[in-house]
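If you read the sequences in order, they're chains U and W. Position 330 (the first sequence) corresponds to 1241 in the numbering used here; numbering is contiguous. Position 853 (the second sequence) corresponds to 893 in the numbering used here; numbering is contiguous.
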Amino acid sequence: MKHTLPSLSRLICAALVMGMGLPAFAQGDAGHAHEQKAQKKHTEAHADSGSDTKHAGHEEHENAATELALDELKALGGVVAIAGPTTLKRTVTLPGEIRLDKEAVAHVSPRYAAQIVEVNARIGDVVEAGDTLAVAESSQTLQRFELKSLVGGTVIDRHASLGEQLQPSDAAFEIADLTRLWVDIALYPRQIGRIKQGQPVRLTTAFGPKPVTATVDYIAPLVDEQLRTGLARVYLDNEAGHWKPGMFVEAEVTLAESPVAVAVPPSALINYEGETVVFVREGERWHPRPVTLGEESREQVEILSGLEAGEAYVSEGGFVVKANLLKSELEAGHHH
Amino acid sequence: MQAIIRAALQNRLLVVVLALATVAGGYAAYRSLPVDAYPDISPSLVQVFVETEGLAPEEVEKYVTYPLESAMNGLPKLDHIRSVSNFGLSVVNIYFEDGTDIYFARQLVGERLQAAREAIPEGFGKPEMGPITTGLGQILFYVLEDTTGQYSGTELREVQDWIVKFNLQTVKGVTEVLSIGGHVKQFQVRIDPQALLRYDVSLPQIKARIEANNANAGAQFIVQNDEQYIVRSVGLAKNLDDLRQIVVKSIDGVPVYLHQLGELTIGGEIRRGLVTKDAEGEAVVGMVLKLIGANTSNVISAVKKELASINANLPEGMTVTPYYDQAQLVEAAVSTVTNALLQGIVLVALVLIAFMGGWRPSLVVALSIPFSVCLALIGMKWFGISANLMSLGGLAIAIGMMVDGAVVVVENIDRSLHHASPEESRLHIVARASQAVARPILFAISIIIVVFLPLFSLQGVEGATFRPLAYTVSLAMLGSLIFALVVAPVAASLLMRRPKVASEEDEPKGLIGYLARGYQPLVQRFVNHRWLALGCAGLVLAVGLVIGPRLGSEFVPRFNEGDLLIRATMAPSISLEKAKSYVHLLEQRIQARFPEVTQVVTRLGRGEVGAHADPVNNAEIFVALKPKDEWQTADTLDGLYRAISTELEDFPGTKFNLTQPIAASVDELLTGTKAELAAKLFGDDLTVLDRKAGEIAEVLRGMKGAEGVQKDQVGGTPQVRIQLNRRAIARYNLNISDVQETLRIAVGGASAGQVFEGIRRFDIYLRLQASARDRTEVLGDLKIRNPQGLEVPLNELATIEEVVGPRQITRENNQRFITIQANVLGRDIGSFVAEADRVIAEQVELPPGYFLKWGGQFELQQQANKRLMIVVPITLALVFFMLYANFGSLRNALLIMLNIPLALVGGAVSLWLAGLSLSVPASVGFIALFGIALENGLVLVSYLNELVRNGVPVAKACVQAAMARLRPVVMTAVTTGLGLMPLLFATGTGSEVQRPLAAVVIGGLVTATILTLLILPALYPWFSDPKNTEQ
């Protein structure tokens, strides 16, 4: 930063003539002389051969590359992986609720208006078809008759109390078959078209039974007028009886499953200069390769172009490479 | 004048008492003076900080910075306003005119802040003024350590905030203690989004319930049996369990407790910075800020004492240890100058004895030093100047000059005593001798004081740096004037004896005798061959013309603080955690490669608001070094700088800048740019600004002499932009604010009251659990509850995209700008700027409303130069006028002014020989030279005039006068020169600042003295006033 300063000599002349003058305050600050030294470029523009042809559309990044030792990358949390094929599973998670299978609920009602004189079944009892649940006495004939279950299942409700008068229209018992339940999944407008019958569903609940896998069995033909949500339903097998109606579940519906040639974890995708790139190793250097994305899941993103199977790329911690690249560019006085 | 001397001699007791009183007063002043390392060069600045949780730079600018700026516009004495809108933080710097009282400025800002508060929307933060301190205010940093390894970062921070800081803040002179590192304790409620659906509640409802179930209340009093009982209801949550039991909702009588909705834990606040130490992981650190004007040394020792007593009361296993303080620096800097001062006094005393040839006159002259110094100290106290490198340096510079007046008086008295007839009384001789030289002394010293006037006119950094020096020099010279005219005659009359045998012949004795014998033929020859004299003068000037342009230049030599600060800048989008791993690696590397490093403490990002506004990609690595003689990598600081720079050069993804703690904090407060030249491009649209600045940078790079051209990084911060879809939101019967409120609480979190533990208070922080908000993808799944009870996912209501936004927005005087920095090498900055202006106008098309302004160090220097261009000629004119007034002769005045150029040459040559650059201190040296060079000439010429007036032929008078004045001229030159020698050879802290000054004066003195003794008598006949010869 030092430079010669002619003003002193000029001023000496001036002083001779005029008797006045003062050395001009010189510019520069030695304290900062080091900044520039530290900014010597050590990575710079680099014309690379090899795979250039396949992404000719992105000339801007062709020259950019940076050197970064593997151990340094690893010390800063970088992970290197080899690109390869995988199976992509696209899923969506939706809230659902366990319900009674309405098609498997039976009522037991007296044939005539009658008074209950004996009650055999209690709520929660498991009954067989033909079991006598209660005995009633007809109000007109005073004859006793038995109220029998038409189906096998669990007594989930009972209106028949001893001495109670029941009309034929009253349900004395409600019997439900709990071995099969419904899982009603609310579909937001965006999902309505995407969820289809037959798609696999994984059901999980916070404090309940272990997650199970089932399939979407039914899609409601109508959308709720109030909430504008659609409905998908899973017929859940509940032989073991772990699931209870009223439980809240998370339903992860697999929309599609497809094999892809190259996929990377989302952490490998780095936003660099307004483009999505993957850092690929070519020789000693890391190149930011703009990539075209295909299908994506939570864990993997398909790469349509920009990365070939077998190439080494940074799958995690690509930021470290990006930071190094930004540094080199700044030092090279290169701007975009 | 004569009257003064007479009065003094008549009241000798009074004079002695007053002189003693001055010395005593000086000592008292010295004891009470604030001591600093360096003059405080911070501008008159009031900083206003606003923390706005979670707001992006654009929003911070719009909602916070702008209202603040507009409130501050038009304040009296306002110089300019500069602001930075960062993520979550707005810093508005309000610069006042130089010299504005800081409390006055703060009061003005405080009044306007009221209006600004109203203009900032509710919930966007409250503006707070920064601490009442300066760039030099960060006097002590300490680290709170856990030796047992059993405490968490949260616990350490709690102790720091509520014990250490709490107690330190009570120390007198401490204005603020800022914490950084560890985790600020919080009661965190992390909600499970599924639970919200399960229990059908929303985040805003939960927030309201927590707030409604955590309070104490008073209910006046009741009177029972004539006694009064205060009624107080206690409902404050005391711990996590109390919070867990808050009922959020009740369904058919079944309560839903808060703990059913998620996890309640004690955790750390969201932070924007941390501290790591010695590659061992995180630490908790406190920064002690000094109140403006407080005595640094005293405050530091008080703080250290307090720290010792705090240490005794800390929980088992915790210790507080200071790792940086300015005490050593202050001590080192002050001892550098005081050593120089003392050595100077000793040297001067030796010279006096050697030349005076007797201890009595020497003692009288030497007494002038304590008297002048003490008077200067009293003056410093009066003007509020702290004792520091520059002000004490001024005294050191003046040591040699202080005795000059006394030398002339005492020398004359001494001579008169030798020659006087025995009948004349001693008192009378003293009076006569003093009166004879009183007038030239008055003028000579006044001229020295006058030439320092331009320094008072300096503004800004140079002003703040060199004004203390100008003050002390002027005060000391004033002291020496008083001493020479009042005290010296009295002291002489009391201490000096007339010689036992009055010597008749004019033969000088002692050292000066030898000199005189060699000198006489020489001066005779010069007087006889005027052209020889002229030739010599011409030769000296020619040497100056050759040397001058070869001098390098720098602003102010770097002041070695003894500690190193490395500023590391990482990629703008880096996360705190990632930055931490970078820093860890860095610390490891520095410790492994540099054995002279004893400690490394890194501050990453910012801690408590008040001192730093750094984003998380900035790290300041404080490197403590062993004493210099134990270094292994390099011998000099520069060498170490180079070694570290080289070592770090290839460190991945990080740029480095090596500086020192005080320099760094002062730079931060000053112009904001450290480069010589800064082009500021003003305009509205950030993208346009960025693009155009890029173009300008490209143009500058292509220019001759441009070096290190760099454009500010404005972009590069990724944002997740949630663009709300108004129609969708309306369809679901929602408001924009419903969505934003949920988003704010769910993702950013919200405070829902506080938990009190005694006086310690901790926020209750409500937020979704991390897995539900930590990725762009999952944000779309956030549910917003509509009045119908439907939980609508966010991606039904908005488009979520990742974009890159501005990193920070800088504004000056209400306008956005970005800076292009450059250094200019090998050419004059003025011409560079002119050419750049032309080329930019040709090649870069700026849209309307966009304009370019030049600034940087260049701006400051230009201002300084402009000011000096006016003040220096005025000063010289004033000096000329004084000379004229003294001699009543234009010719004499001109002859004396001739001293100046020859003195300048000597200064330049010695700078060159010492390998120093032309710098501000060197310029100050040149200014001092003017005075000294003139003084000698003045003494000689006035005696010449006297001789000529008494009828001695001019040619004879020239030699005679030169011989008679040889002793005082040589003595004043030698005392001044030797007085400065210690500064020239000092190696201690701060010596680098004074060295150029000393070099210039010493070199200049050599040429000026030779000139006075040889050339001036030779040229006198041409310049002698005909009036004198006639008489």
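Note that beta-carbon positions come from the ideal geometry of N, C-alpha and C, so glycine has one too.
Residues near residue i by beta carbon distance below 6 angstroms, same chain, minus five either side
{"i": "K1059(U)", "result": "G1041 and T1043"}
{"i": "V787(W)", "result": "R813"}
{"i": "A967(U)", "result": "Residue placement at A967(U) cannot be trusted, given a pLDDT of 39 that sits under 50; the coordinates are not used to answer."}
{"i": "E185(W)", "result": "T359"}
{"i": "A1223(U)", "result": "V991, I993 and R1192"}
{"i": "A460(W)", "result": "I469"}
Contacting residues, own chain, Cβ-Cβ under 8 angstroms from residue i (five flanking each side not counted)
{"i": "L1138(U)", "result": "A1097"}
{"i": "V271(W)", "result": "G258, A259, Q260, F261 and I262"}
Supposed contact pair residue j and residue i - C-beta distance, whole angstroms, cut 8 angstroms
{"i": "P1006(U)", "j": "P1170(U)", "result": "Rounded, the Cβ-Cβ distance is 30 angstroms, inconsistent with contact."}
{"i": "S408(W)", "j": "F523(W)", "result": "5 angstroms"}
{"i": "W1197(U)", "j": "L979(U)", "result": "6 angstroms"}
{"i": "F1063(W)", "j": "L935(W)", "result": "4 angstroms"}
{"i": "V75(W)", "j": "A556(W)", "result": "Contact flag wrong, Cβ pair sits at about 46 angstroms."}
{"i": "G175(W)", "j": "S82(W)", "result": "4 angstroms"}
{"i": "P758(W)", "j": "F127(W)", "result": "About 11 angstroms; that fails the 8 angstroms criterion."}
{"i": "M327(W)", "j": "A438(W)", "result": "Actually they do not touch by this definition, with Cβ atoms about 37 angstroms apart."}
Burial state of residue i, where buried means 16 or more other Cβ atoms lie within 10 Å
{"i": "W1093(U)", "result": "buried"}
{"i": "N353(W)", "result": "exposed"}
{"i": "F891(W)", "result": "exposed"}
{"i": "R569(W)", "result": "One detail in the question is off: residue 569(W) reads as His in this sequence, not Arg. Exposed."}
{"i": "W422(W)", "result": "exposed"}
{"i": "V274(W)", "result": "exposed"}
{"i": "S290(W)", "result": "exposed"}
{"i": "Q808(W)", "result": "The sequence shown places Leu at residue 808(W), rather than the Gln named in the question. Result: buried."}
{"i": "V1073(W)", "result": "Residue 1073(W) lies beyond the residue range present for chain W, which begins at 41 and ends at 1071; the question has no answer from this structure."}
{"i": "K1121(U)", "result": "exposed"}
Cβ neighbours of residue i in the same chain (closer than 7 angstroms, five flanking residues each side left out)
{"i": "Q794(W)", "result": "R801, F802, D803 and I804"}
{"i": "E1195(U)", "result": "E978"}
{"i": "V55(W)", "result": "A48, V526, V527 and V530"}
{"i": "E781(W)", "result": "P244"}
Residue i - DSSP class collapsed to helix/strand/coil
{"i": "Y182(W)", "result": "strand"}
{"i": "I488(W)", "result": "helix"}
{"i": "L58(W)", "result": "helix"}
{"i": "P996(U)", "result": "strand"}
{"i": "P462(W)", "result": "coil"}
{"i": "Q938(U)", "result": "Residue placement at Q938(U) is flagged as unreliable, the pLDDT there being 36, under the threshold of 50; a coordinate-derived value is accordingly withheld."}
{"i": "S963(W)", "result": "helix"}
{"i": "I402(W)", "result": "Per the sequence shown, the amino acid found at residue 402(W) is Ser instead of Ile. Here S402(W) sits in helix by DSSP."}
{"i": "M743(W)", "result": "coil"}
{"i": "L304(W)", "result": "strand"}
{"i": "G258(W)", "result": "strand"}
{"i": "G1205(U)", "result": "strand"}
{"i": "F506(W)", "result": "helix"}
{"i": "Y269(W)", "result": "strand"}
heavy atom of the ligand FAD below 8 angstroms from residue i C-beta
{"i": "I936(W)", "result": "Among the ligands in the structure shown, none appear at all, so the ligand FAD cannot be discussed."}
Query - Unbroken stretches of the beta strand (DSSP E), 3 residues or longer, contained in the stretch 1132 to 1172 of chain U - result: Within the stretch 1132 to 1172 of chain U, the complete beta strand (DSSP E) runs of at least 3 residues are 1141 to 1148.
Requested in this report: Output the residue ranges of the beta strand (DSSP E) runs that lie fully inside the stretch 581 to 665 of chain W and measure 3 residues or longer, sorted by chain position.
Outcome: Counting only runs of 3 or more, we get 604 to 610, 637 to 645 and 658 to 665.
Requested in this report: Run through the stretch 342 to 374 of chain W for me and flag every whole beta strand (DSSP E) of 3 or more residues, listed as ranges in chain order.
Outcome: Listed in chain order, the beta strand (DSSP E) elements of length 3 or more contained wholly in the stretch 342 to 374 of chain W are 358 to 365.
Query raised in the report: In chain order, which beta strand (DSSP E) runs of at least 3 residues are fully inside the stretch 1016 to 1104 of chain U?
Result: The stretch 1016 to 1104 of chain U contains these whole beta strand (DSSP E) runs: 1016 to 1019, 1025 to 1030, 1043 to 1049, 1055 to 1059, 1064 to 1069, 1084 to 1087 and 1091 to 1098.
Query raised in the report: Which runs of the alpha helix (DSSP H), 4 residues or longer, sit entirely within the stretch 183 to 211 of chain W?
Result: Listed in chain order, they are 193 to 199 and 205 to 208.
Query raised in the report: Mind pulling the beta strand (DSSP E) runs of 3 or more residues that sit fully within the stretch 88 to 161 of chain W?
Result: Fully contained in the stretch 88 to 161 of chain W are the following beta strand (DSSP E) runs of length 3 or more, in chain order: 118 to 126 and 129 to 136.
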